[in-house]
Each structure stands twice: as structure tokens, then as C-alpha cells.
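Quick note: to get this note's numbering, add 17 to the position in the sequence shown (first position is 1).
Heads up, the beta-carbon is just placed ideally off N, CA and C, and yes, glycines get one too.
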Amino acid sequence: ELITTLYIGFLGLIFSSYFVYLAEKDAVNDSGETEFGSYADALWWGVVSI
């Protein structure tokens with residue numbers, strides 16, 4: 018049961034990071050930079066957010 022919970026949590030992290038990357042990859046802040054330059058940036062955002 019614990020492995021299943023960890024697996025579902027990991028999949029949630031992967032999918033949520035991917036969807037955030039898709040939604041925010043073209044958004045540009047005031048200095049002309051994007052928040053998520055790569056999927057790895059979005060994945061790091063997901064890890065830190067959790």
C-alpha cells in the first residue's frame with residue numbers, strides 16, 4: 018500500500034509539472050525571461066512546491 022501511494026504521488030508530480038510547463042512555457046515576465054525554460058525547471062518547481 019505504501020508503494021502504491023508513493024507511485025501515485027510520483028505520477029501526480031510528473032503530470033502536474035508537465036501541465037504547468039505546457040501552460041507557462043510561453044509566458045514572459047517583465048525582464049523578458051520565462052519562468053520555465055525547460056521541463057526540468059517545471060519538475061524542480063513541482064518538487065519544491067510539494
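- [ ] Just the C-alpha distance for tyrosine 38 and isoleucine 20, rounded to the nearest angstrom, thanks.
- [x] 27 Å
- [ ] Can you check DSSP and say which residues form a bridge with threonine 21?
- [x] Partner(s): none; threonine 21 has no beta bridge.
Task: Proximity below 8 Å, CB of leucine 23 to CB of glycine 63 - done: no
Task: Residues near lysine 42 in its chain [Cβ-Cβ closer than 6 Å; skip 5 each side] - done: Phe53
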